[in-house]
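J.:
Protein chains: 2
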Amino acid sequence: MNIRENIRPGGRSARVQASVHKAVRDLLSKMDRNEVTIPLIATEAGVTPSTIYRRWGDLQELLADVAVERLRPDAPPKDTGSARSDLEHWAEQYADEMASGPGRAMIRDVLSSVGADTRNAGKCCGYTREQVQAIAERARDRGEEFPDVETVIDEVVAPIMYRILFDDAPPTSAKVLSLVERLFPQRR
Amino acid sequence: MNIRENIRPGGRSARVQASVHKAVRDLLSKMDRNEVTIPLIATEAGVTPSTIYRRWGDLQELLADVAVERLRPDAPPKDTGSARSDLEHWAEQYADEMASGPGRAMIRDVLSSVGADTRNAGKCCGYTREQVQAIAERARDRGEEFPDVETVIDEVVAPIMYRILFDDAPPTSAKVLSLVERLFPQRR
DNA sequence: CACTTAAAAGCAAATTATTTGCTTTAGTGA
DNA sequence: TCACTAAAGCAAATAATTTGCTTTTAAGTG
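Chains A and B are the protein sequences, given in the same order.
The numbers in full-length UniProt numbering rise by one with no breaks, and the one at position 90 of the first sequence is 90.
The numbers in full-length UniProt numbering rise by one with no breaks, and the one at position 56 of the second sequence is 56.
(1) What residue does the alpha helix (DSSP H) around B:A134 start on, and which one ends it?
(2) Kindly say whether A:L183, judged by its beta-carbon, lies nearer than 8 Å to any beta-carbon of chain B.
(3) Report buried or exposed for A:A64, applying the criterion of at least 16 other Cβ atoms within 10 angstroms of its Cβ.
(4) If we count Cβ pairs, one from each stretch, closer than 8 Å, do we get three or more for the stretch 41-52 of chain B versus the stretch 119-126 of chain A?
(5) To the nearest angstrom, how far is the alpha carbon of B:D168 from that of A:G115?
(6) For chain B, find out if any of its Cβ atoms is closer than 8 Å to the Cβ of A:A158; answer yes or no.
(7) First and last residue of the alpha helix (DSSP H) that includes B:G103?
(8) From A:G103 to B:S178, what distance separates their C-alpha atoms?
(9) Examine chain B for any beta-carbon lying closer than 8 Å to the beta-carbon of residue 199 of chain A, and answer yes or no.
(10) Residues of chain B with a CB under 7 Å from the CB of A:A121: which are they?
(11) In the DSSP assignment, find the alpha helix (DSSP H) that holds B:P49 and state where it starts and stops.
(12) Is the separation between the beta-carbon of A:D79 and that of A:R138 shorter than 8 Å?
(13) Output yes or no for whether 8 Å exceeds the beta carbon distance between A:E155 and B:E155.
(14) In angstroms, rounded to a whole number, what distance separates the CA positions of B:Y53 and A:L40?
(15) I'd like to know whether the C-beta of B:V149 is nearer than 8 Å to at least one C-beta of chain A.
(16) Span of the alpha helix (DSSP H) holding B:N65?
(17) If you count every other CB in all the chains shown that lies within 10 Å of the CB of B:S112, and 16 or more means buried, which is it?
(18) Report the rounded CA-to-CA distance for B:I3 versus A:D109, giving the unit in angstroms.
(19) Excluding sequence positions up to five away, which residues of its chain have a Cβ less than 8 Å from the Cβ of B:N6?
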């Protein structure tokens, strides 16, 4: 078979990507985000600035790329015994993480990259959907009632995110619980 | 009274601000947003780049400043006879405007400015709240039932915005109507 | 295991954007 | 009208970005 696949060499790629990502994370933890520049990242990562420019285009794209990685959940939602409490637990944690300083900064980075190709924001939304999906599936396996995933996104995730992004006050824990409550027809 | 108020001269300010804003709007309508640079804006506006750098700091802040202005509603929500239809009408229009190319770009600009001082995103949220408030007040004057403004934000505005920002598919008209429907206890 | 290939990295010069110190201009209040 | 000061202009210095060209390196091939 000799139709040349367009998988091409480019072997150092992974290594460079890893060291650049690490450099970004390190610098971001040490200094103010608008002091971080591409030449600085390049030096820290031990690569040439032009490498970064050519691979990522600009700082925004690079920051978005790093942020998406960091926003990827590292574990499925905790199993607390019932779907409702799984969701409560997950939503509170989600709200906390996203409302934190670094969380907000990462969301901003993701949203402000235009990257029509990369669809960064879409990826984040996808991670969230997967998490909710996992809770929903556990509910089904247990034979519990559980709302549609899209409904959970509309009624729990969206308000949390809207308040974090646009409002001065991030949602309190009580607020998050009340959002979840609306989804469950009757008492506990 | 001679305690010097800290209102200081700075008279050309308004004129410069107007011409810079106009230049930004004009350029944005003519070319791709990432071809727009501060030196270009400065030339178009007939000012010096350093003036812009000193007043706005960087391109993001300037774009955010212009975007906030443009996102300000120019009229109160249309009075269509009933609160529910006012809200339906307003929400559909809001969703359309925000989901459009320019709408999305403006939201992105607003969100990606850090401006801890300016609170750009907060202003936008404020405009939205005012619009919903106006509908709510009309409802009250007519003696109609109407949900709490914050509830409308959680259940209608937030899902619309979340889907526009994070999801690939902006909300359809039917989707928007179904969001409004949930807020009204029973049939029309 | 050479050896070829092409994507990705390095390098450096050219271009462009940003910052900064100093000077000038023009509203404002006396 | 005059003095005052915030904001604008100007230009030199610095920093970031782009670009053409060369070099390196992981794969795939024989």
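Note that CB positions come from ideal geometry on N, CA and C, so glycine has one too.
T.: Put simply:
(1) 120-142
(2) no
(3) buried
(4) no
(5) 13 Å
(6) yes
(7) 101-112
(8) 31 Å
(9) What the structure shows of chain A is the stretch from 1 to 188, and residue 199 of chain A is not part of that stretch, so it cannot be assessed.
(10) L165, F166
(11) Its alpha helix (DSSP H) spans residues 49-56.
(12) In contact: A:D79 and A:R138 (Cβ atoms closer than 8 Å).
(13) yes
(14) 22 Å
(15) Not an interface residue.
(16) First, the amino acid is wrong: residue 65 of chain B is Asp here, not Asn. Residues 59-71.
(17) It counts as buried.
(18) With a pLDDT of 32 at B:I3, under the threshold of 50, the modelled position of this residue cannot be trusted; read the value that follows with caution. Whole-angstrom Cα-Cα distance: 45 Å.
(19) For B:N6, the predicted model reports a pLDDT of 38, less than 50, meaning its position is unreliable and no value from the coordinates is stated.
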